[in-house]
Amino acid sequence: MALTLEPGAKLVVATHNPGKARELAEILENRFQLITAGDLDLSEPEETETSFVGNALLKARAAADASGLPALADDSGLSVSALEGAPGIYSARWAGPERDFYAAMRKVEERLEEADGDDRSAWFTCALALAWPHGAAVVVEGRVDGTLAFPPRGERGFGYDPIFVPEGGDLTFGEMEPAAKDAMSHRALAFAKLKAALW
Ligand code: IMP
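Heads up, the sequence shown is in this note's numbering, so the first residue is 6 and it goes up one at a time.
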């Protein structure tokens, strides 16, 4: 089977978040007919894998197998070198059920203070998986390297953006123009690779 999707094909997005689906439609240049896992009432599988790629693939496969349609899923997060890659796949979970990312960023700072050395390097990863029902899958990963800066700066963006300064710049992702972040982010790199594979 060719691992391509015809323009206009139905594609399930393995998210229950309509905002994320709209954002994906735009990134994918409205090339496909997007349906969310929420629209289809699909249950969200537990993210039991140990890597971004593993979790993206698990979510894409679950949605594809349950719907009988190709499905796209992502998994992303912040990895800190001095913390052996933490929070990594637990990035969302460090913010707790209240999704308090200021608490999560404080936790990163505290762990760094406890750790030896002054290495503040970190990176964001975005894994994307597109799976066909009971079939093959395409998996890509984008990564952006940078350093962590405390206290958090900037009101833009989301999650850990206010403490991440991408390589070669001075502003945090939280301070940058959204378009500037979007042009260089881990997500943009991953989607560029996916598009290169698909169209
Ligand atoms: P996911 O929805 O399970 O992939 O969780 C991703 C989590 O990683 C988010 O909740 C954020 O905390 C963090 N994250 C991923 N990408 C970014 C980003 O571009 N900026 C800030 N935080 C991010």
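Where a beta carbon is used, it is the ideal one built from N, C-alpha and C, also for glycine.
Predicted model, so just to flag it, every value in this text is computed and none were measured.
Backbone CA spacing between residue i and residue j [nearest angstrom]
i	j	result
residue 186	residue 48	32 Å
residue 166	residue 106	9 Å
residue 190	residue 71	31 Å
residue 164	residue 9	32 Å
residue 85	residue 112	12 Å
residue 201	residue 119	42 Å
residue 128	residue 57	13 Å
residue 31	residue 176	26 Å
residue 122	residue 68	43 Å
residue 23	residue 180	26 Å
residue 15	residue 155	44 Å
residue 161	residue 104	16 Å
beta-carbon residue i near the ligand IMP non-hydrogen atom, thresh 7 Å
i	result
residue 155	no
residue 148	no
residue 80	yes
residue 162	yes
residue 165	yes
residue 192	yes
residue 96	yes
residue 205	Because the chain spans 6 through 204 in this model, residue 205 falls outside it and cannot be assessed.
residue 178	yes
residue 83	yes
residue 196	no
residue 37	no
Buried versus exposed, by CB contacts within 10 Å (16 or more), residue i
i	result
residue 136	buried
residue 126	exposed
residue 204	exposed
residue 53	exposed
residue 102	exposed
residue 82	buried
residue 79	buried
residue 147	buried
residue 173	exposed
Residues near residue i by beta carbon distance below 6 Å, same chain, minus five either side
i	result
residue 116	88
residue 196	32
Chain-order list of residues whose beta-carbon lies under 8 Å from that of residue i (same chain, five-residue window excluded)
i	result
residue 90	84
C-beta neighbour in chain B for residue i, strict 8 Å
i	result
residue 97	Going by chain labels, chain B is absent from the structure shown, which holds only one protein chain.
Near the ligand MG: residue i beta-carbon under 7 Å from a heavy atom
i	result
residue 106	Among the ligands modelled here, namely the ligand IMP, the ligand MG does not occur.
Cβ neighbours of residue i in the same chain (closer than 7 Å, five flanking residues each side left out)
i	result
residue 73	138
key: Length-filtered (4 minimum) alpha helix (DSSP H) runs lying within the stretch 104-130   = Whole alpha helix (DSSP H) segments, 4+ residues: 106-119.
request  = Please go through the stretch 162-187 and give each complete beta strand (DSSP E) segment of 3 or more residues, from N-terminal end onward.
outcome  = Secondary structure within the stretch 162-187: the beta strand (DSSP E) runs of 3 or more consecutive residues, fully enclosed, are 169-171 (chain order).
task = Please go through the stretch 43-107 and give each complete alpha helix (DSSP H) segment of 4 or more residues, from N-terminal end onward.
result = Listed in chain order, the alpha helix (DSSP H) elements of length 4 or more contained wholly in the stretch 43-107 are 57-72.
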